[in-house]
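*Asks:* According to my numbering, the residues represented by the sequence shown are 414 to 658, in order. C-beta atoms are modelled at their ideal positions from N, C-alpha and C, and glycine is treated no differently.
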Amino acid sequence: MTPTIVLITGANTGIGFQIVRALSDSLQPYHILLGARSPNKARDAIQAIQQEFPTTQSTIAPVIIDIEDDTSIQNAYTEIATHHGRLDVLINNAGASFDTPATRGTLSERALWNKTWSVNTTSTQIVTATFIPLLLKSANPRLLFLTSGTATLAGTDNPAIAVNRPPTAKGWPKPAGPAQGVPAYRSAKTGLNMLMREWHRLLRPDGVKVFALSPGYLATGLGGSPEAMRALGAGDPVVAGPFEW
């Protein structure tokens with residue numbers, strides 16, 4: 414059986430890493446291209462997977478890709494095109510939130526918003542546009558975007574989602590804490606949802622299956638502090654790998 418070739422960005426940690434685990438635990442063979450920003454991060458992640466799944470039917474190879482660096486993206490494309498000639502699945506997993514109190518102390522408001530959109534929306538667009546030619550060489554191409562439950566316009570009045578609850582304090586600025594929400598992150602992910610719809614429209618004649626998936630509120634390094642996210646009720650990212658696949 415010919416392995417399915419899968420590229421996952423930001424796959425050395427968090428949800429991306431859990432997707433690699435899920436694929437490695439599958440009876441179906443995959444050739445997993447583990448995207449990471451540095452060789453050391455990729456190597457450590459691959460070693461951990463190989464130790465956990467020594468009899469896996471799949472193979473894993475590192476792909477060094479920084480989604481904010483156009484040269485890095487192009488180099489990753491060239492590497493995959495040279496060695497494989499096609500890509501069956503692109504999982505746009507890499508993302509980040511800078512709405513945390515720690516980050517707010519180091520970035521201006523403009524820099525925070527620009528950085529959030531750059532990582533979560535703009536860079537994902539550049540990666541996708543770059544790799545489409547390889548996807549179109551697949552017999553069963555799939556394009557996935559990792560979005561967020563906080564990015565649904567229809568659900569903004571749902572009080573079960575903490576970031577939808579209004580603060581109790583009047584005046585401005587509002588006190589630091591959960592009531593400030595994650596406006597830059599959820600706005601960027603809302604933009605990502607529309608980006609997914611655009612790619613669905615553009616690639617419909619080509620038969621590419623295009624999805625956006627929300628893994629839920631999970632304790633990853635997305636905002637820089639998994640511990641703080643757990644304190645707010647975030648779940649274990651291990652549940653996301655099988656769900657995403």
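Mapping DSSP to helix, strand and coil, what is Ala494?
*Replies:* helix
*Asks:* Tell me the residue span of the alpha helix (DSSP H) that contains Thr537.
*Replies:* It spans 536 to 548 - the alpha helix (DSSP H) in which Thr537 sits, taken as one unbroken run.
*Asks:* Cα separation between Thr495 and Ala424?
*Replies:* 21 Å
*Asks:* As a quick exercise: from Asp479, Ser536, Asp483, Lys454, pick the residue whose alpha carbon is nearest that of Ala601.
*Replies:* Ser536
*Asks:* Can you tell me which of the three DSSP states Pro467 falls into?
*Replies:* coil
*Asks:* From Phe558 to Thr541, what distance separates their C-alpha atoms?
*Replies:* C-alpha separation (whole angstroms): 10 Å.
*Asks:* How would you label Gly590, buried or exposed, when you count the other beta carbons within 10 angstroms and need 16 or more for buried?
*Replies:* exposed
*Asks:* So if DSSP puts Leu556 in a beta bridge, which residue, or which two residues, is it bridged to?
*Replies:* Leu503, Val623
*Asks:* Would you be able to state if there are at least three C-beta pairs under 8 Å between the stretch 452 to 465 and the stretch 517 to 526?
*Replies:* The stretch 517 to 526 makes no contact with the stretch 452 to 465; the number of CB pairs closer than 8 Å stays below 3.
*Asks:* To the nearest angstrom, how far is the alpha carbon of Thr422 from that of Ala474?
*Replies:* Roughly 13 Å separates the two Cα atoms.
*Asks:* Quick one: give me the first and last residue of the alpha helix (DSSP H) that Val433 is part of.
*Replies:* 427 to 437
*Asks:* Using three-state DSSP, classify Ile418 as helix, strand or coil.
*Replies:* The three-state secondary structure of Ile418, taken from DSSP, is strand.
*Asks:* For the beta strand (DSSP E) that Leu446 lies in, which residues bound it at each end?
*Replies:* 443 to 449
*Asks:* Would you mind working out which of Pro588, Gly448, Phe544 sits nearest Asn506, comparing C-alpha positions?
*Replies:* Gly448
*Asks:* Assign Leu556 to buried or exposed, taking buried as 16 or more other Cβ atoms, counted over all protein chains shown, within 10 Å of its Cβ.
*Replies:* buried
*Asks:* Can you give me the Cβ contacts of Trp612 inside the same chain, cut-off strictly under 7 Å, excluding the 5 residues immediately before and after it?
*Replies:* Excluding sequence positions up to five before and after Trp612, its CB lies within less than 7 Å of the CB of Thr541, Leu556, Val623, all in the same chain and listed in chain order.
*Asks:* What do you reckon, are the CB atoms on Ile418 and Leu446 nearer than 8 Å?
*Replies:* yes
*Asks:* Between Gln487 and Thr543, what straight-line distance do the alpha-carbon atoms span, to the nearest angstrom?
*Replies:* When rounded, the distance between both Cα atoms is 7 Å.
*Asks:* May I ask which residues mark the beginning and end of the beta strand (DSSP E) holding Ala474?
*Replies:* 472 to 477
*Asks:* Cα-Cα, which of Ala625, Lys550, Arg617 is closest to Met609?
*Replies:* Ala625
*Asks:* Is DSSP giving Val532 helix, strand or coil here?
*Replies:* helix
*Asks:* What residue range does the alpha helix (DSSP H) around Ala597 cover?
*Replies:* 596 to 616
*Asks:* Which of the three DSSP states, helix, strand or coil, is assigned to Leu525?
*Replies:* If DSSP states are grouped into helix, strand and coil, Leu525 belongs with the helices.
*Asks:* Got a sec? Which residues, its chain only, sit under 8 Å from Ser451 by beta carbon, not counting five neighbours each side?
*Replies:* Listed in chain order, the non-local C-beta contacts of Ser451 below 8 Å within the same chain comprise Ile477, local neighbours out to five positions each way being set aside.
*Asks:* Excluding the 5 residues preceding and the 5 following His405 in the sequence, name in chain order all residues of the same chain whose CB lies nearer than 6 Å to its CB.
*Replies:* An answer regarding residue 405 cannot be provided, because it is not within the stretch 414 to 658 covered by the chain.
*Asks:* Check the C-beta distance from Ala564 over to Asn606 and give it rounded, since I have them as a contact under 8 Å.
*Replies:* 6 Å
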